[in-house]
Amino acid sequence: MKTRLSVVALCLAMLLAASGPTDLIAAAAAPLPAAAVASKPKLVVFVAVDQFRADYIDWYGGNWKHGLRRVLDKGAWFRNANYPYLGTVTCPGHTTLGTGAYPHTHGMILNDWWDRATSKISACTDDAGVKLLGYMRDVKKMNGGGDSGKNMLVPTLADEMKAQLQPMPRVVSFSMKARSAIGLAGHKPDVAAWFEQGSLVTSTAFAGELTGFVKKFVADNPIEKDADGQWTKLLDEKAYKYADDVPQETMSGGRVFPHPLTRTASALPSSASPAPGPRQRRGESGALPPASPSQFAAWERSPWSDRYLARLASAAVSALGLGKGPGTDYLSVSFSALDTVGHPYGPRSHEVQDVLARLDVTLGDLLDEIDKKVGADNYVLAFSADHGVMEFPEQLKAEGKDAGRMSTAQLTQTLNDALNRALGPGKHIDTIRYTEVYLAPGVREQLKAKREALKATLDAARTVPGVQQAFFSDDLLDPGKAKDPVQRAAALSHFPARAGDIILVPKRYWIAMPAGTTHGTNNDYDQHVPVVLFGAGIKAGKYDRAVSPADIAPTLAKLVGVTLPKAEGKPLNEALAK
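Going from the sequence shown to this note's numbering is simple: count from 1 and add 15.
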């Protein structure tokens, strides 16, 4: 023992002799090697489910026995989590989850907005300077260009992990939608893929060529394999609540189970069973014929698309060795089927219930795979959603609620009439997107100069059935100066360069949609979503204090040892194991 201590003392003495004070301070401040930080997870997994209302857990959670149940029962479940802003749609939600900031800061205010410079609609991930790379076929966007995180003005958690951690993490993100995959991944993921026009794609913003393991996965798992099947109910019929068929369901291909995964009669041989064998389906070359647009739409609007993404994520863990290196890697998956089913079928439908039941199984399979490949104690998982959704207004009205559908035509006419009276005849409105009214060039300045004309226009908007409130954009520049929660919600969604000039707030239980249902308001059914943390470094429990989904990224950042300088959310410290 004395000999060992003498050697240590000698080494220290040599170090002191060879180093100046500055060198010693730098050595003391240097980060510990990754192996010395035993508490850090080896892999961060971010799972988002598009359009997952928090109350689905109460309504349908009794049927879940696998992944959803495991996360809820063994994770830190924050049951009072709400987005505080107005524009509760996919792009803002995923970007808020990814960055910990709100739309007025990260700039992704809607799925798309009116670009005043080009007088065109611009999707939130549009980037004219890049192009798409298709894994299944060549794909070109209708408006040209491709997708990137260029419009995202704040770095994501994954961005900061790559900037601050050594060794640099690998970042991988998958979804059916560009805005979902990019919102969670950020500006420079190593692998990002989503679907566009029936093909899995990526962007030259992220890669100069297609990724090898993804190419192999696509070749080994053509979606055409699923196009011969049918979507049937997973659970016993008695497990489903409400009716399987209501008049408001908008799917022309069928409102009740079973749902064929092909919408064209010619897609199957006339004598085929629901799942024909390879000899029946394949051509002379042995290849499956490409899925038609209708086939792909049916597949996308089914639990099979969720299962595909989960299997692709598992393949990424294996191929890249995520969570097996000396650092901390990042994997995000955003499941989209619930959203594509929820819009036409509604949150009370058997279709939504079955998507959730099958997602429970899919998530369970993914967690089992990560357990095997990374180790159950070596990864942390965040589970949340980008927004909720409203029930069909007809259902709510039948229950005695003030509910209905706003008429976009009536709204436009009312605003035009008011502006004509105030400013004289002419074109006064360029377009209306979601809750945003974009005025024609020069009209905004005229209204600012004529305050009575502005007041009359806002008052006129409030007379339209379904409109609760209308704001002028100048009144939304500072959320801290908002007079009430409604104005604050609108201000948190307001980024002046991309926002409208007049912002409308729908009344509770009213939507501006002629059929189906939607989201995008400051009401609880749109804002209230699950927030659950699970795995390494997390203390399981149920927590009821008010939190925000924006708190997830700062919590994960604290867990892995990075800072998020632009985040507005706060770490959920009670969920972190001491």
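The beta-carbon is built from N, C-alpha and C at its ideal position, and this holds for glycine as well. Remember, predicted model here, so these are calculated numbers, not experimental data.
{"Check": "My assumption, with CB atoms under 8 Å, is that Q66 sits in contact with H365. Please give the rounded CB distance.", "Outcome": "Wrong, their Cβ atoms sit about 16 Å apart, outside the cutoff."}
{"Check": "I think S488 touches G515, with their Cβ atoms under 8 Å apart; what is that distance to the nearest whole Å?", "Outcome": "7 Å"}
{"Check": "If we require 3 or more residues per run, which beta strand (DSSP E) segments fall completely within the segment 329-388?", "Outcome": "344-350"}
{"Check": "Is it the case that the Cβ atoms of A222 and L148 are separated by a distance below 8 Å?", "Outcome": "yes"}
{"Check": "May I have the straight-line CA-CA distance separating V186 from T446, to the nearest angstrom?", "Outcome": "38 Å"}
{"Check": "Determine the DSSP secondary structure at Y558, reduced to helix, strand or coil.", "Outcome": "strand"}
{"Check": "Have a look at D142, E211, A551 and flag the residue whose alpha-carbon is nearest the alpha-carbon of G390.", "Outcome": "A551"}
{"Check": "Please report the distance separating the alpha-carbon of M167 from that of L327.", "Outcome": "26 Å"}
{"Check": "Can you name, in chain order, every residue of its own chain whose Cβ lies under 6 Å from the Cβ of G164, other than the five neighbours on each side?", "Outcome": "I197, G201, H202"}
{"Check": "Which complete beta strand (DSSP E) runs does the segment 162-250 hold, if anything under 3 residues is left out?", "Outcome": "186-190, 206-211, 214-218"}
{"Check": "Go to T423, then tell me how far its alpha helix (DSSP H) extends in each direction, as first and last residue.", "Outcome": "423-438"}
{"Check": "From the DSSP output, in three-state form, read off W129 for me.", "Outcome": "strand"}
{"Check": "Among all the DSSP beta bridges, which residues are the ones paired with V60?", "Outcome": "L346, L396"}
{"Check": "Under DSSP, the beta strand (DSSP E) around V544 begins and ends at which residues?", "Outcome": "It is not in any beta strand (DSSP E) - V544 carries neither H nor E in the DSSP assignment."}
{"Check": "Tell me the start and end of each unbroken alpha helix (DSSP H) in the segment 508-532 that is at least 4 residues and wholly inside, in chain order.", "Outcome": "none"}
{"Check": "Smallest Cα separation from D251: which of M266, Q368, R316?", "Outcome": "Q368"}
{"Check": "As a quick exercise: from W319, G342, G340, pick the residue whose alpha carbon is nearest that of T277.", "Outcome": "W319"}
{"Check": "Quick check: the Cα distance between A193 and D493, rounded to an integer number of angstroms?", "Outcome": "30 Å"}
{"Check": "Could you work out which residue in V60, V479, A69, V59 is closest to Y540 when comparing CA atoms only?", "Outcome": "A69"}
{"Check": "Please report the straight-line C-alpha distance between Y360 and G531, rounded to a whole angstrom.", "Outcome": "7 Å"}
{"Check": "Can you tell me which of D127, E315, A234, Y255 puts its alpha carbon nearest to the alpha carbon of P275?", "Outcome": "E315"}
{"Check": "Excluding the 5 residues preceding and the 5 following R152 in the sequence, name in chain order all residues of the same chain whose CB lies nearer than 6 Å to its CB.", "Outcome": "S214"}
{"Check": "Given a cut-off of 8 Å on the beta-carbon distance, is the pair Y594 and P362 in contact?", "Outcome": "Nothing about residue 594 can be reported from this structure: the residues present for the chain run from 16 to 593 only."}
{"Check": "When we look at the beta-carbon of G301 and count the other beta-carbons within 10 Å, is it buried (16 or more) or exposed?", "Outcome": "Below a pLDDT of 50, predicted positions are generally treated as unreliable, and G301, at 42, falls in that range; the measurement from the model is reported next regardless. Its Cβ having fewer than 16 others within 10 Å, G301 is exposed."}
{"Check": "Under the three-state reduction of DSSP, which class applies to V482: helix, strand or coil?", "Outcome": "strand"}
{"Check": "Report the three-state DSSP secondary structure of N95 (helix, strand or coil).", "Outcome": "coil"}
{"Check": "Per DSSP, A138 forms a beta bridge with which residues?", "Outcome": "D127"}
{"Check": "Does the Cβ-Cβ distance between D141 and D174 come in under 8 Å?", "Outcome": "no"}
{"Check": "What is the DSSP secondary structure of V577, counted as helix, strand or coil?", "Outcome": "coil"}
{"Check": "Can you check whether the CB of P182 is closer than 8 Å to the CB of G342?", "Outcome": "yes"}
{"Check": "For Q263, tell me which candidate among T533, A565, N538, G576 has the shortest Cα-Cα distance.", "Outcome": "T533"}
{"Check": "With DSSP as the reference, label L587 as helix, strand or coil.", "Outcome": "coil"}
{"Check": "Would the segment 373-384 and the segment 204-212 be scored as touching if the rule is three or more Cβ pairs under 8 Å?", "Outcome": "no"}
{"Check": "Using the beta-carbon count (16 or more within 10 Å), is G481 buried or exposed?", "Outcome": "buried"}
{"Check": "What's the gap between the Cα of F4 and the Cα of I72?", "Outcome": "Because the chain spans 16 through 593 in this model, residue 4 falls outside it and cannot be assessed."}
{"Check": "Note down, in chain order, each residue of its chain lying with its Cβ closer than 8 Å to the Cβ of L591, except the 5 sequence neighbours on either side.", "Outcome": "G552, I553, K554, T570, K573, L574"}
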